[in-house]
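For what it's worth, my numbering labels the leading residue of the sequence shown as 10, then goes sequentially.
Each residue gets a CB set at the ideal place from its N, CA and C atoms; glycine is no exception.
Only one structure is covered here, and it is reproduced in the block below.
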Amino acid sequence: MNATPQSIVSLLTTANQRMVIPVYQRAYSWDEEQCRQLWDDVVAIGRRPSGTHFTGSVVMVLGGEFSAGGVNKLLVIDGQQRITTLSLLIVAMAEFAREHPEKLTHTSYDEIIDSGYLVLKYKKGEDHYRLTLSQGDETTLRSMLDHLEKPDVDIVNESHRIIDNLARFRTWLNNIEDPNVVWDGIQRLEIVAITLAQGQDNPQLIFESMNSTGKDLSTADLVRNFVLMGLPMDEQEELYSNYWRKIEETLGADSYDQIFDDFLRNWLTVINAPVSVVVRDIYRLFKQHVRNGGYDQPGQMASLLKDIRRFAGYYANITAGACDDLELKTILDRIAQLEVSVVNPLIMAFFEDYGNGAFTHEDFVSMLRTTESYLFRRAVCDVPTNSLNKFFPSIIARLKVVKAEGGSYRKAYEAFLLNEFDTARRMPTNAEFERALKTRDCYAFRRGRYLLSTLENSYHPKNPPNLIDANHTIEHIMPRNALAHAEWKEMLGEEYERVYDEFINNLGNLTLTAYNSELSDGTFAEKKARAVGGFDKEYLVISSDLHDTNVWSERTIRARCARLVKQALKVWPIPEASELVLKSVALNATAISGEAVNDAPHEKLFSAEGKKIATKLKDVYREVLEELASEGRVRHYHDRDLWFGTARMDEYLKPASSEAGGSWDDGHAYRYWVYAFNRVDALVPTVRIELGPKDQSEAMLVHQELLRQHFAPARKPIVPSDRYRQILKIDTGVDESATESLDAIAVGEIRFKIRGAVEELLNREAKFFETTNG
Numbered sequence: 010m011n012a013t014p015q016s017i018v019s020l021l022t023t024a025n026q027r028m029v030i031p032v033y034q035r036a037y038s039w040d041e042e043q044c045r046q047l048w049d050d051v052v053a054i055g056r057r058p059s060g061t062h063f064t065g066s067v068v069m070v071l072g073g074e075f076s077a078g079g080v081n082k083l084l085v086i087d088g089q090q091r092i093t094t095l096s097l098l099i100v101a102m103a104e105f106a107r108e109h110p111e112k113l114t115h116t117s118y119d120e121i122i123d124s125g126y127l128v129l130k131y132k133k134g135e136d137h138y139r140l141t142l143s144q145g146d147e148t149t150l151r152s153m154l155d156h157l158e159k160p161d162v163d164i165v166n167e168s169h170r171i172i173d174n175l176a177r178f179r180t181w182l183n184n185i186e187d188p189n190v191v192w193d194g195i196q197r198l199e200i201v202a203i204t205l206a207q208g209q210d211n212p213q214l215i216f217e218s219m220n221s222t223g224k225d226l227s228t229a230d231l232v233r234n235f236v237l238m239g240l241p242m243d244e245q246e247e248l249y250s251n252y253w254r255k256i257e258e259t260l261g262a263d264s265y266d267q268i269f270d271d272f273l274r275n276w277l278t279v280i281n282a283p284v285s286v287v288v289r290d291i292y293r294l295f296k297q298h299v300r301n302g303g304y305d306q307p308g309q310m311a312s313l314l315k316d317i318r319r320f321a322g323y324y325a326n327i328t329a330g331a332c333d334d335l336e337l338k339t340i341l342d343r344i345a346q347l348e349v350s351v352v353n354p355l356i357m358a359f360f361e362d363y364g365n366g367a368f369t370h371e372d373f374v375s376m377l378r379t380t381e382s383y384l385f386r387r388a389v390c391d392v393p394t395n396s397l398n399k400f401f402p403s404i405i406a407r408l409k410v411v412k413a414e415g416g417s418y419r420k421a422y423e424a425f426l427l428n429e430f431d432t433a434r435r436m437p438t439n440a441e442f443e444r445a446l447k448t449r450d451c452y453a454f455r456r457g458r459y460l461l462s463t464l465e466n467s468y469h470p471k472n473p474p475n476l477i478d479a480n481h482t483i484e485h486i487m488p489r490n491a492l493a494h495a496e497w498k499e500m501l502g503e504e505y506e507r508v509y510d511e512f513i514n515n516l517g518n519l520t521l522t523a524y525n526s527e528l529s530d531g532t533f534a535e536k537k538a539r540a541v542g543g544f545d546k547e548y549l550v551i552s553s554d555l556h557d558t559n560v561w562s563e564r565t566i567r568a569r570c571a572r573l574v575k576q577a578l579k580v581w582p583i584p585e586a587s588e589l590v591l592k593s594v595a596l597n598a599t600a601i602s603g604e605a606v607n608d609a610p611h612e613k614l615f616s617a618e619g620k621k622i623a624t625k626l627k628d629v630y631r632e633v634l635e636e637l638a639s640e641g642r643v644r645h646y647h648d649r650d651l652w653f654g655t656a657r658m659d660e661y662l663k664p665a666s667s668e669a670g671g672s673w674d675d676g677h678a679y680r681y682w683v684y685a686f687n688r689v690d691a692l693v694p695t696v697r698i699e700l701g702p703k704d705q706s707e708a709m710l711v712h713q714e715l716l717r718q719h720f721a722p723a724r725k726p727i728v729p730s731d732r733y734r735q736i737l738k739i740d741t742g743v744d745e746s747a748t749e750s751l752d753a754i755a756v757g758e759i760r761f762k763i764r765g766a767v768e769e770l771l772n773r774e775a776k777f778f779e780t781t782n783g
């Protein structure tokens, strides 16, 4: 490797040398912000009487390849955005010099062309062009240079960024008082040219360490470079055209940079399940997957790219409506409307397993409908989604076990959802779903249009109308200004204010219409009789009630709401599973928490080294609790199972507290946990509060119910038959599932996080007593 400070002009004018942007580099991406920064830097240094301006580094691989015309080819692996933009500025200057030679006196069109800034004047073919870009950018740049030399040649408008940025530079040159300062500034730009020797230096490591000015590299850039950079040029071009370009096209060639990170995280989540992949780990885990899978060995990269291309197709099916199967596409489009993207890895796993024959098309349709019901029921009942980012990867891992053991994939999936009945991951029951639909504000509901359109389309399964387009909006049958009309007050009755407040945004008072402006005001009779969009001419089944009534009151709103809710229970059903099936798929029926425990086999978690790491971590958690006990913050902590209590909660739940060392069967009314019961939970621990209602007195149940209402108001009330009920779970921020060895454990950081989570629990306990004066 050779690093040399030099002017950028010397790089651009070296004889018999041209620069090539490899296919694995990202397309030209600078926009006005970066162009303006470069322009300002050039003008600023050009206006000074002396000095230079450092504009970053340029990293090139010198392959020793000379063309038949004697031109050496340099591969640019960092700095290409800057070089391309500067070349566009020089194109604009050459045009300006030709058109206004009296204004630009420090250079001329002939000097720019003859000196080789843009072209090697006497070379032919590819050797004629100083800079060769990749993808569609090259066609536009080359036509631009041809047009510069021969104005009758048309510019190919394939790369809008190159066209737009040249136009910007033309405008700025025409508006600047003295264009000579721009040329002077270009002459004084300096870089550090880093030249690597092919086969001797590692360009990938150097590329990853660079932090040049301009746009930050996306994960797509890093991954593409990692996959292709180290390969011979012919293999790079083959893999790019046969696989990578098709991945770009599948994800959307113009926008794939923006969505590639999300796609890659989803794909890695499927691969690494049950571990939930976070954004900061995407590139690291990708490289780990490549090396662990042997894809970095000669000839193996094509196999990896086939996998990525296949999963990119699944992702496009889910997020871009690209599915060819109409029945699947209809459900996927509805799921996409729910905007719960954490479910995407699970559906991608469905597609992969379906392709491998794990279940039938009928099962696939059923599971997607169950997924839609699960997500929508939770949305209607306002169940938070933050627990799902770990739940869905755990399901992926557990379904791998079911598939390997030859079990029923669909039945297992349904049982995994139903087994969460008493957790934050629960599927709301029919009673809870019905109650929420009848009482919630469905107009302000973010998925209100989805609700109404899906209900209507359920009556048209073969030819559903498009009701999500911009023309259709939610219409209040009783209008929002109803109380300004005497007719509406009379129709609503003596309690018109209560009826209005209670039912204005009720499901029974809402419909869809393409004529909102025509219907937005007026009495019920007027809205029915309108020639355009009137309710008497209404074609929607969900609004058929309006044809046969001349009264719109609390009674008719309730009746219509009840009819729509009854249909909703059919459209978004809850699956049924026998008790035997539920028990057979429960991974740990004796788990203290009562939650479905994520115990799916995972290469790292169930290795001998993983067991040692889990044991070491539990020792760290134990030390934290011992420390808190010595400070008097916690008491009677159990050093094996890592549960503990506090003096204040003992006093509050005194009638059923017992001495340390007991079990739930001994009558404990509560326990606080550093939950690390099995190996998975030891690697990703949480801090929890659990209650033990079973066999407690009525007075104790009242106290426990007050705790439940404070810590878990969305969960069902405490009942005497509950053996245990979790009412609070705190994420500790500890996740050692990817830790490779005991030496890699950051003990100090983990102690800090565990103690912080326990103290958060203690603070919440204090808040409870402060609120209740307990």
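Distance CB(residue i)-CB(residue j) smaller than 7 angstroms
i    : j    : result
I30  : L198 : no
V633 : I739 : no
G701 : Y661 : no
W48  : T94  : no
A691 : K776 : no
Y468 : V550 : yes
L521 : H481 : yes
F368 : Y422 : no
M357 : Y323 : yes
V128 : Y118 : no
L519 : I483 : yes
Nearest neighbour of residue i, chosen from the options [CA to CA]
i    : options                : result
F373 : D50, G701, K338, N395  : K338
Y630 : F533, T780, E758, L715 : E758
L355 : N472, I99, A406        : A406
F295 : A766, F778, A747       : A747
Y33  : D230, I203, Q90, K159  : D230
L182 : I164, M102, N166, W253 : M102
Y548 : N466, A534, K579       : N466
I171 : E147, I185, R569       : E147
S706 : V190, K663, A479       : K663
Residues near residue i by beta carbon distance below 7 angstroms, same chain, minus five either side
i    : result
L751 : K621, I622, K625
G303 : Q309
E336 : V374
V580 : T463, L464, S467
Residue i classed as buried or exposed, judged by whether at least 16 other C-beta atoms fall within 10 angstroms
i    : result
G502 : exposed
R649 : exposed
L20  : buried
K420 : buried
R289 : exposed
T2   : Here the chain has residues from 10 to 783 only, and residue 2 is not among them.
V560 : exposed
N428 : buried
D450 : exposed
P437 : buried
N251 : exposed
S552 : buried
E159 : The residue you asked about is not Glu; residue 159 is Lys in the sequence shown. Counting Cβ neighbours within 10 Å, K159 comes out exposed, since fewer than 16 surround it.
K537 : buried
N11  : exposed
E668 : Its pLDDT being 39, under 50, E668 is placed unreliably by the model, and the measurement read from it follows with that caveat. Exposed: under 16 other Cβ atoms inside 10 Å.
Any C-beta of chain B under 7 angstroms from that of residue i
i    : result
A445 : Given the protein chain composition of this structure (a single chain), no chain B is represented.
Spatial neighbours of residue i in its chain, beta-carbon cut-off 6 angstroms, leaving aside the 5 residues before and after
i    : result
R717 : I727, I736
Y363 : F373
I291 : T228, L273, R274
S124 : T22
A282 : P402, I405, A406
E443 : V574
T13  : A202
Please give the ranges of any beta strand (DSSP E) in the region 14 to 50, keeping only runs that are unbroken, at least 3 residues long and fully inside the region. 26 to 29
Curious, which full-length alpha helix (DSSP H) runs of at least 4 residues does the region 337 to 392 contain? Whole alpha helix (DSSP H) segments, 4+ residues: 353 to 364, 370 to 389.
Along the chain, which unbroken stretches of the beta strand (DSSP E) at least 3 residues long are found entirely within the region 395 to 467? none
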